[in-house]
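Okay, so here's the structure we're looking at.
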Amino acid sequence: MSTQLFTPYHALAGERGTRVPEWAQHRSVFRGPGRTTYLVETDELSSASADLTLLARTGWDVQVERESHSAVARVLLSQSDLPQAA
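Each residue of the sequence shown is one higher than the one before, counting from 1 in my numbering.
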């Protein structure tokens, strides 16, 4: 049985595969029980606005944390993992 990957980058590209936007400068993935979180660091938060709105509308939990006295922001993107059949 194969599992289909579904990441924020798949959500941004739709049926075209994946799209990693230019504003997503530093990317990390953290997997925990029942949830996967994508951490994206950027200094181009204004460029990310439309993409973050799209992700929120498609079911992603979007949280933005700005570093004080810096242009750098951390964007946390998470979604509950879908249950898999045994």
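From the three backbone atoms N, C-alpha and C, an ideal C-beta is built for every residue, glycine too.
Considered as a whole, the stretch 41-84 harbours 45-57 as its complete alpha helix (DSSP H) runs of no fewer than 4 residues, in chain order. The beta carbon of Val40 sits closer than 6 Å to the beta carbons of Ala24, Arg27, Val75 from its chain, once the five residues preceding and following it are set aside; these are given in chain order.
Listed in chain order, the non-local C-beta contacts of Val29 below 7 Å within the same chain comprise Thr36, Tyr38, local neighbours out to five positions each way being set aside. Here the C-alpha atom of Pro33 lies approximately 12 Å from the C-alpha atom of Gln79. Excluding sequence positions up to five before and after Glu67, its CB lies within less than 8 Å of the CB of Ala73, Arg74, all in the same chain and listed in chain order. Taking C-beta separations shorter than 8 Å and ignoring five residues to either side along the sequence, the partners of Arg19 in its chain run Tyr9, Leu12, Ala13, following chain order. Listed as beta-bridge partners of Leu39 by DSSP are Ser28, Leu76. Within the same chain, Val62 come within 8 Å of Ala56 by CB-CB distance, once the 5 residues on both sides are set aside. Beta-carbon to beta-carbon, Val64 and Leu45 are separated by about 7 Å, close enough to satisfy the 8 Å threshold.
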